[in-house]
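Student: Numbering (UniProt numbering), first residue to last: 1 to 92. Note that CB positions come from ideal geometry on N, CA and C, so glycine has one too.
(1) Let me know if residue 44 comes out buried or exposed under the rule of 16 or more other beta-carbons within 10 Å of its beta-carbon.
(2) Which residue marks the beginning of the alpha helix (DSSP H) containing residue 9, and which one marks its end?
(3) Rounded to whole angstroms, what is the Cα-Cα separation between residue 30 and residue 36?
(4) Helix, strand or coil for residue 33, going by three-state DSSP, please let me know.
(5) So is residue 41 buried or exposed if we call it buried at 16+ other beta carbons inside 10 Å?
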């Protein structure tokens, strides 16, 4: 960690105390997948097993739900890690 980084975090803390340390709004595209959709996907993968496999992979999840992308499923795995099994190479 650099001196600049520590100085930035210290300044944020002095200005806003603990609230100042939270994530600030970031530039870029708004998130398109809602928390409810992520929770629904996690619930579905924990309650059902894929055909001809022992566990869900991000590819089989994306194939099973055409509206989901593989990248979106990787984000779901990072957000809700409990219950996921098997390799997760995409989530590094």
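Tutor: With the structure as the only source:
(1) By 1-based counting over the chain shown, the position of residue 44 is 44. Classification for residue 44: exposed.
(2) Along the chain shown, one-based indexing puts residue 9 at 9. Per DSSP, the continuous alpha helix (DSSP H) segment holding residue 9 begins and ends at 3 to 16.
(3) For the purposes of this step, residue 30 is identified with residue 30 of the chain shown, where counting begins at 1. For the purposes of this step, residue 36 is identified with residue 36 of the chain shown, where counting begins at 1. Residue 30 and residue 36: Cα-Cα distance of roughly 16 Å.
(4) Translated into positions along the chain shown, residue 33 becomes position 33. It is coil, neither helix nor strand.
(5) Translated into positions along the chain shown, residue 41 becomes position 41. The residue in question, residue 41, is buried, as its Cβ has 16 or more Cβ neighbours within 10 Å.
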